[in-house]
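Residue numbers (the numbering used here): -17 to 357.
Where a beta carbon is used, it is the ideal one built from N, C-alpha and C, also for glycine.
Remember, predicted model here, so these are calculated numbers, not experimental data.
A short write-up of the structure that comes next.
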Ligand SMILES: [Zn+2]
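The following block contains the structure:
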């Protein structure tokens, strides 16, 4: 018998400790997926990404279909070989980025016509084409093609876009070629409206997916609004399938979502922050460009075992940023990803020990700091 796609290993309150099996490996959940937009996690070697503890990365269908093209990636044996990342890969459907990045979009029942933001060339992305591209990329987890109304939107628009997403999800499922270890996730939409989320979830569950993503959050709503939707989703989604909260987020958001039963996350914050000087620590966020770090001889976090903290002072990292040196992005990205993976490891251990509530309170309290270890 094939390995079960998802095993629930333990529960602490509503938080879930699981293991997701896919073609290229195992993902321990709750998991954070570093974003590798254009077949690279910016400023990091793949083996360095792995060394931070990451078991899966995310790549972007929209970017890769435009450059270098999915035929080219397929010709190189798929994304794992092309980018030298042998582990699991999840690809998004391209839906979100077509709407946020491309020019001259035309949305209709069949799909989205758009012009590339790179060279103005014309493309059509449909559910069938999105699934086919993700197949060519050899993605372990394919996302169904979805459409997300901007936030806030009139409720009629949210209804329309949610129902279109459901019809596209059905077409995505039909287009998906089943192979052992390859998974297809549906995306629940419905904005911040409980009844729409309910309708969306029920219809996607009826179609049947290997996992369920919660889309349309982290688009500018308040944290308590997002948590409210997650509270609703908790009772709607089947307990034996992984739950993925797309595009989230800050450490505080991740902790709150894990408490509400979410298993998977992705976000550009740790990698983008690594390039701009936004540094994440157990004691809160630091702007490493701030002049207060210029003469600082201690590391970002003396207790962190990443290369940036083992061998470099805050003063040196501040200097690298000011001088626009490439090493700044390399070291700070490594630290941020290391921190995010350590956070996920702490959350997994807390669920295993059935102590998630108490430990989450302690983690959140520490995060209220100024980024400096308590003196
Ligand atoms: Zn560090």
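Sequence-distant residues of the same chain with beta carbon closer than 8 Å to residue i, five excluded per side
i	result
residue 100	48 and 49
residue 182	144, 147, 148, 170, 171 and 172
residue 235	200, 205 and 208
residue 128	75, 77, 78, 147, 150, 151, 169, 171 and 197
Own chain, CB closer than 6 Å to residue i, minus 5 neighbours either side, in chain order
i	result
residue -5	338 and 339
residue -17	Bear in mind that a pLDDT of 48 at residue -17, under 50, signals an unreliable position, so the model cannot answer this.
residue 342	237 and 241
residue 35	323
residue 278	296 and 297
residue 108	92 and 93
Collapsed DSSP secondary structure at residue i in the structure displayed
i	result
residue 98	coil
residue 269	strand
residue 183	helix
residue 85	strand
residue 139	helix
residue 261	strand
residue 104	strand
residue 190	coil
residue 218	helix
residue 26	coil
residue 42	coil
residue 148	helix
residue 14	strand
residue -17	The pLDDT assigned to residue -17 is 48, lower than 50, so where the model puts this residue is not dependable; a value taken from the coordinates is nonetheless given after this. In this structure, residue -17 counts as coil in the three-state DSSP scheme.
residue 2	strand
residue 278	coil
residue 73	strand
residue 319	helix
residue 255	helix
residue 129	coil
residue 245	coil
residue 368	No information on residue 368 is available, as it lies outside the stretch -17 to 357 that the chain covers here.
residue 110	helix
residue 172	coil
residue 119	coil
residue -12	strand
residue 209	helix
residue 353	coil
residue 295	coil
residue 227	strand
residue 327	helix
residue 339	helix
residue 60	coil
Under 7 Å between C-beta atoms of residue i and residue j
i	j	result
residue 334	residue -8	yes
residue 247	residue 218	no
residue 110	residue 157	yes
residue 43	residue 74	yes
residue 329	residue 12	yes
residue 56	residue 315	no
residue 239	residue 212	yes
residue 242	residue 216	yes
residue 188	residue 133	no
residue 207	residue 159	no
Top-ranked residue by Cα proximity to residue i, from the options
i	options	result
residue 317	71, 281 and 184	281
residue 194	33, 54 and 126	126
residue 169	326, 116, 157 and 190	190
residue 5	124, 349, 225 and 213	124
residue -1	74, 29 and 244	244
residue 320	355, 223, 251 and 96	251
residue 119	62, 96, 141 and 66	62
residue 1	70, 133, 270 and 21	70
residue 224	165, 137, 108 and 86	165
residue 184	290, 220 and 192	220
residue 113	151, 8, 346 and 206	151
residue 161	53, 192, 22 and 135	192
residue 23	249, 294 and 268	249
residue 27	9, 68 and 54	68
residue 344	3, 299 and 264	264
residue 254	272, 273, 278 and 229	229
residue 268	288, 299, -10 and 53	299
Chain-order list of residues whose beta-carbon lies under 7 Å from that of residue i (same chain, five-residue window excluded)
i	result
residue 78	130
residue 98	48, 84 and 105
residue 266	349, 350, 351, 352 and 353
residue 214	176 and 179
residue 59	none
residue 7	37, 69 and 70
residue 66	28
residue 21	41, 46, 61, 64 and 65
residue 140	131, 172, 173, 175 and 178
### Message
Within 8 Å, do at least three Cβ pairs link the segment 275 to 293 to the segment 43 to 62?
### Response
no
### Task
Could you tell me whether the segment 32 to 39 touches the segment 6 to 17, using the rule of 3 or more Cβ pairs below 8 Å?
yes
### Task
Give a yes or no on contact between the segment 248 to 260 and the segment 303 to 319, applying the rule of three or more CB pairs nearer than 8 Å.
yes
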